[in-house]
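Colleague:
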Amino acid sequence: MSESLITEEDGIRKGEKTNTAGIEDDENGILPIEHFVHRAKMQRNTEVEENPAFEVDEDGLSLASFSSDPDQIFDEEDLTEHDDTEEDIEIESSPITKNIPLADYFDPADPVSLYFREVNKVPLLTHEEEISLAKCIEAGRKARSTLAEGPVTGKRKGELKRIIEDGWAAREHLITANFRLVISVAKKYLGRGVPFLDLIQDGNIGLIRATKKFDYRRGHRFSTYATWWIRQAVSRSVADHGRTIRLPVHLGDQINRLWRENHKLTQELGREATMEEIAHALDLETRRVEELMKFAQRPLSLELPSSEDEENELSDYTSDEIIPPPVETVNEKIMQEHVNQILTTLPPREARILQLRYGLLDGKSRTLGEVGRKMGVTRERVRQIEAQALRRLRQPKLRRELQDYIRE
Numbered sequence: 114m115s116e117s118l119i120t121e122e123d124g125i126r127k128g129e130k131t132n133t134a135g136i137e138d139d140e141n142g143i144l145p146i147e148h149f150v151h152r153a154k155m156q157r158n159t160e161v162e163e164n165p166a167f168e169v170d171e172d173g174l175s176l177a178s179f180s181s182d183p184d185q186i187f188d189e190e191d192l193t194e195h196d197d198t199e200e201d202i203e204i205e206s207s208p209i210t211k212n213i214p215l216a217d218y219f220d221p222a223d224p225v226s227l228y229f230r231e232v233n234k235v236p237l238l239t240h241e242e243e244i245s246l247a248k249c250i251e252a253g254r255k256a257r258s259t260l261a262e263g264p265v266t267g268k269r270k271g272e273l274k275r276i277i278e279d280g281w282a283a284r285e286h287l288i289t290a291n292f293r294l295v296i297s298v299a300k301k302y303l304g305r306g307v308p309f310l311d312l313i314q315d316g317n318i319g320l321i322r323a324t325k326k327f328d329y330r331r332g333h334r335f336s337t338y339a340t341w342w343i344r345q346a347v348s349r350s351v352a353d354h355g356r357t358i359r360l361p362v363h364l365g366d367q368i369n370r371l372w373r374e375n376h377k378l379t380q381e382l383g384r385e386a387t388m389e390e391i392a393h394a395l396d397l398e399t400r401r402v403e404e405l406m407k408f409a410q411r412p413l414s415l416e417l418p419s420s421e422d423e424e425n426e427l428s429d430y431t432s433d434e435i436i437p438p439p440v441e442t443v444n445e446k447i448m449q450e451h452v453n454q455i456l457t458t459l460p461p462r463e464a465r466i467l468q469l470r471y472g473l474l475d476g477k478s479r480t481l482g483e484v485g486r487k488m489g490v491t492r493e494r495v496r497q498i499e500a501q502a503l504r505r506l507r508q509p510k511l512r513r514e515l516q517d518y519i520r521e
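So the sequence shown is numbered by the working numbering: it starts at 114 and just counts up by one.
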């Protein structure tokens, strides 16, 4: 374990009596934690033996279920800007189900469907089991903190390591038993621009966050508490990656609220709601609703066919306003060559001053002072040479040659 993970929690002090998790006896209706720890260890060992590709990291978590980037898994502070106070957590009924229907999403032979089957094999936890596992996890955190505070005796060190190992096993069991909860939440965000597996991945990160923040003393079910963190992680993923052009999270929330209200009004009125009706329902100005509607529009690919019966793409009918039309480009090229040819009839000094003054070289016009400093003469002398060169160019023959460009 890294030093940062060991020292992040408040630990028990040396000399305290250690109990595996301070487990209450059977008389209080809470089962011994050894039962669940042993079951989690046996399940983990069986999975490692049966599947050589199944790995277990130092935290006791299945790498096959999460990202291979440890920073993505444990950079938990990026997941939320809220503290886990009781007021911030909306307690609601858990959407967890006994079984996740697989045929609606993937072919049964698909490897992803096999993952779903494995998820359904893990039994759901009772409230008493959740409390016991949470106590074991808490004891493991305290043991890590105690072990990091300073030297301990060999016997004491062995006890602490055992408690830490039990804590990781309990944490893994609590996570794997709630994987189907992640799937249940993630499937509600299908069709929002993020692949289903990515939604599950981010939901698993929220589930890991919930196992760390869960306080069993408040009396809530873990599944109810974890739903908030899972939904928060999944919705953040949709906000960050669901659109080609990313919108701020608060703006995405306003757009979602707008669509919900629009759908509600459409159902109530039996017709499409107007901008004014939506604005009144949301207590917003009509102009703001129009802006949100524009932000909500999805970008179209220029490679889309222009119609069902045509092979042409939209890009074939879309002009680039930055690039000038080919005809103008050719005309400008011919005119530039013609002007340069006419300037060759002037003395080199006069031609150079005209090129600098009117930007015939690089498109940048220069003042008399700038040309004078570049040519090593005064401003007045530049003005005189310029006037003399223009008089030479006022010949009727040269004027007729350039008149066509002026007409165009």
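Virtual Cβ for every residue (Gly too), placed ideally from N, Cα, C. Since the structure is predicted, the reported quantities are computational estimates derived from the model, not experimental observations.
Under three-state DSSP, which class holds Glu-251?
Modeller: Locating residue 251 in the sequence shown gives position 138, counting from the first residue. Note: Glu-251 maps to helix in three-state DSSP.
Colleague: Helix, strand or coil for Pro-224, going by three-state DSSP, please let me know.
Modeller: For the purposes of this step, residue 224 is taken as the residue at position 111 of the sequence shown. In the structure shown, Pro-224 sits in a helix (DSSP, three-state: H, G or I).
Colleague: With a CB to CB cut of under 8 Å and the five nearest residues on each side skipped, what residues in its chain are close to Tyr-471?
Modeller: Along the sequence shown, read from residue 1 onward, the residue named residue 471 stands at position 358. Once the five neighbours on either side are set aside, the close Cβ partners of Tyr-471 are Ser-478.
Colleague: On a Cα-Cα basis, can you pick out the residue from His-376, Phe-335, Leu-405, Pro-418 that is closest to Glu-242?
Modeller: Taking the sequence shown and counting its residues from 1, one reaches residue 242 at position 129. The candidate whose alpha carbon is nearest that of Glu-242 is Phe-335.
Colleague: Short check: CB of Ile-277 to CB of Leu-260, under 9 Å?
Modeller: Here residue 277 refers to the residue found at position 164 when the sequence shown is read from its first residue. Here residue 260 refers to the residue found at position 147 when the sequence shown is read from its first residue. Yes, the Cβ-Cβ distance between Ile-277 and Leu-260 is below 9 Å.
Colleague: Which residues does DSSP pair with Pro-264 in a beta bridge?
Modeller: Here residue 264 is taken as the residue at index 151 of the sequence shown, counted from 1. None; Pro-264 has no bridge partner.
Colleague: Report yes if the CB atom of Phe-408 is closer than 9 Å to the CB atom of Leu-378, and no otherwise.
Modeller: To locate residue 408, count along the sequence shown from 1; it is residue 295. To locate residue 378, count along the sequence shown from 1; it is residue 265. The answer is no: Cβ separation not under 9 Å.
Colleague: Classify Leu-382 as buried or exposed, calling it buried when 16 or more other Cβ atoms lie within 10 Å of its own Cβ.
Modeller: Taking the first residue of the sequence shown as 1, we reach residue 382 at position 269. Under this definition Leu-382 is an exposed residue.
Colleague: Which residue marks the beginning of the alpha helix (DSSP H) containing Ala-323, and which one marks its end?
Modeller: On the sequence shown, residue 323 is found 210 positions in, with the first residue counted as 1. Segment 309 to 326, the alpha helix (DSSP H) holding Ala-323.
Colleague: Less than 6 Å between C-beta atoms, sequence neighbours within five positions excluded: which residues of the same chain meet that for Pro-183?
Modeller: To locate residue 183, count along the sequence shown from 1; it is residue 70. A caution first: Pro-183 carries a pLDDT of 32, below 50, which makes its placement in the model unreliable, though a value can still be read off. Excluding residues within five positions, none has a Cβ falling inside 6 Å.
Colleague: Mind checking whether Phe-292 and Leu-320 have CB atoms under 9 Å apart?
Modeller: For the purposes of this step, residue 292 is taken as residue 179 along the sequence shown, with counting starting at 1. For the purposes of this step, residue 320 is taken as residue 207 along the sequence shown, with counting starting at 1. Cβ atoms of Phe-292 and Leu-320: closer than 9 Å.
Colleague: Around the Cβ of Leu-413, are there at least 16 other Cβ atoms within 10 angstroms (buried) or fewer (exposed)?
Modeller: Counting from one through the sequence shown, the residue named residue 413 turns up at place 300. Result: exposed.
Colleague: Note the first and the last residue of the continuous alpha helix (DSSP H) segment covering Leu-294.
Modeller: For the purposes of this step, residue 294 is taken as the residue at position 181 of the sequence shown. Where Leu-294 is concerned, the enclosing alpha helix (DSSP H) stretches over 292 to 299.
Colleague: Residue ranges of each beta strand (DSSP E) run of no fewer than 3 residues wholly in the stretch 316 to 387, ordered along the chain?
Modeller: Those beta strand (DSSP E) runs which fall completely within the stretch 316 to 387 and span 3+ residues do not exist here.
Colleague: Which residue marks the beginning of the alpha helix (DSSP H) containing Val-490, and which one marks its end?
Modeller: Locating residue 490 in the sequence shown gives position 377, counting from the first residue. Here Val-490 belongs to no alpha helix (DSSP H), and DSSP marks it neither H nor E.
Colleague: Give a yes or no on whether the C-beta atoms belonging to Gly-267 and Gly-306 are separated by under 9 Å.
Modeller: For this step, residue 267 is matched to residue 154 along the sequence shown. For this step, residue 306 is matched to residue 193 along the sequence shown. Their beta carbons are not under 9 Å apart, which means Gly-267 does not touch Gly-306 by this criterion.
Colleague: Please determine, among His-286, Leu-395, Thr-431, His-376, the residue with the shortest C-alpha to C-alpha distance to Leu-238.
Modeller: For the purposes of this step, residue 238 is identified with residue 125 of the sequence shown, where counting begins at 1. For the residues His-286, Leu-395, Thr-431, His-376, the minimum Cα distance to Leu-238 belongs to His-286.
Colleague: Does Glu-426 come out as helix, strand or coil in the three-state DSSP assignment?
Modeller: Working through the sequence shown from its first residue, we reach residue 426 at position 313. Strand at Glu-426.
Colleague: Going by C-alpha distance, which of Phe-309, Thr-480, Ala-464, Val-495 is nearest Val-225?
Modeller: Residue 225 sits at position 112 when you count from the first residue of the sequence shown. Among Phe-309, Thr-480, Ala-464, Val-495, the Cα nearest to that of Val-225 belongs to Phe-309.
Colleague: For Leu-405, report the span of its alpha helix (DSSP H) as first-last.
Modeller: Position 292 of the sequence shown, counted from the first residue, corresponds to residue 405. Where Leu-405 is concerned, the enclosing alpha helix (DSSP H) stretches over 399 to 409.
Colleague: Can you grab the Cα-Cα spacing for the pair Gln-185 / Val-347, in whole Å?
Modeller: Position 72 of the sequence shown, counted from the first residue, corresponds to residue 185. Position 234 of the sequence shown, counted from the first residue, corresponds to residue 347. Bear in mind that the predicted position of Gln-185 carries a pLDDT of just 34, short of 50, making it too unreliable to give a figure here.
Colleague: Would you kindly work out how many angstroms separate the C-alpha atoms of Ile-466 and Glu-445, rounded to a whole number?
Modeller: Against the sequence shown, residue 466 aligns to sequence position 353. Against the sequence shown, residue 445 aligns to sequence position 332. Ile-466 and Glu-445: Cα-Cα distance of roughly 21 Å.
Colleague: Can you look up Pro-418 in the DSSP assignment and give me helix, strand or coil?
Modeller: As a working note, residue 418 is residue 305 in the sequence shown. Pro-418: strand per DSSP, three-state reduction.
Colleague: Short check: CB of Ala-339 to CB of Thr-324, under 9 Å?
Modeller: Reading the sequence shown from its first residue, position 226 is the one you call residue 339. Reading the sequence shown from its first residue, position 211 is the one you call residue 324. Closer than 9 Å, so yes.
Colleague: Measuring only the C-alpha atoms, how far is Thr-491 from Leu-469?
Modeller: Within the sequence shown, numbered from 1, the residue matching residue 491 stands at position 378. Within the sequence shown, numbered from 1, the residue matching residue 469 stands at position 356. C-alpha separation (whole angstroms): 15 Å.
Colleague: Exposed or buried, what is Gly-304 when buried is set at 16 or more other beta-carbons lying within 10 Å of its beta-carbon?
Modeller: Indexing the sequence shown from 1 puts residue 304 at position 191. The residue in question, Gly-304, is exposed, as its Cβ has fewer than 16 Cβ neighbours within 10 Å.
Colleague: Just the C-alpha distance for Asn-317 and Thr-442, rounded to the nearest angstrom, thanks.
Modeller: Walking along the sequence shown from the start, residue 317 turns up at place 204. Walking along the sequence shown from the start, residue 442 turns up at place 329. Roughly 57 Å between the two C-alpha positions.
Colleague: In whole angstroms, what separates the C-alpha of Pro-461 from that of Gln-516?
Modeller: Counting from 1 along the sequence shown, the entry for residue 461 is found at position 348. Counting from 1 along the sequence shown, the entry for residue 516 is found at position 403. Rounded to whole angstroms, Pro-461 to Gln-516 spans 24 Å at the Cα level.
Colleague: Going by alpha carbons, who is nearest to Gln-314 out of Tyr-329, Asp-328, Val-298?
Modeller: Translated into positions along the sequence shown, residue 314 becomes position 201. Taking only the C-alpha atoms, the option nearest Gln-314 is Val-298.
Colleague: Ile-288 to Val-235, Cα distance in whole Å?
Modeller: Position 175 of the sequence shown holds residue 288. Position 122 of the sequence shown holds residue 235. Looking at the two C-alpha atoms, the distance is approximately 10 Å.
Colleague: Would you call the CB atoms of Leu-427 and Ile-368 closer than 9 Å?
Modeller: As a first step, residue 427 must be located in the sequence shown, where it is residue number 314. As a first step, residue 368 must be located in the sequence shown, where it is residue number 255. Going by C-beta atoms, Leu-427 is not nearer than 9 Å to Ile-368.
Colleague: Is the Cβ-Cβ distance between Ala-392 and Glu-385 less than 9 Å?
Modeller: As a position in the sequence shown, residue 392 is number 279, starting the count at 1. As a position in the sequence shown, residue 385 is number 272, starting the count at 1. It is not a contact, given that the beta carbons lie outside the stated cut-off.
Colleague: Is DSSP giving Ile-435 helix, strand or coil here?
Modeller: By 1-based counting over the sequence shown, the position of residue 435 is 322. Coil, per DSSP.
Colleague: Am I right that Cys-249 and Gly-280 are in contact with their C-beta atoms under 8 Å? What's the rounded C-beta distance?
Modeller: The residue labelled residue 249 in the question sits at position 136 within the sequence shown. The residue labelled residue 280 in the question sits at position 167 within the sequence shown. The Cβ separation is near 6 Å, so the contact holds.
Colleague: Report back the beta-carbon spacing between Gln-501 and Glu-463 to the nearest angstrom; my notes put them in contact at under 8 Å.
Modeller: As a position in the sequence shown, residue 501 is number 388, starting the count at 1. As a position in the sequence shown, residue 463 is number 350, starting the count at 1. So it is a contact: roughly 6 Å between Cβ atoms.
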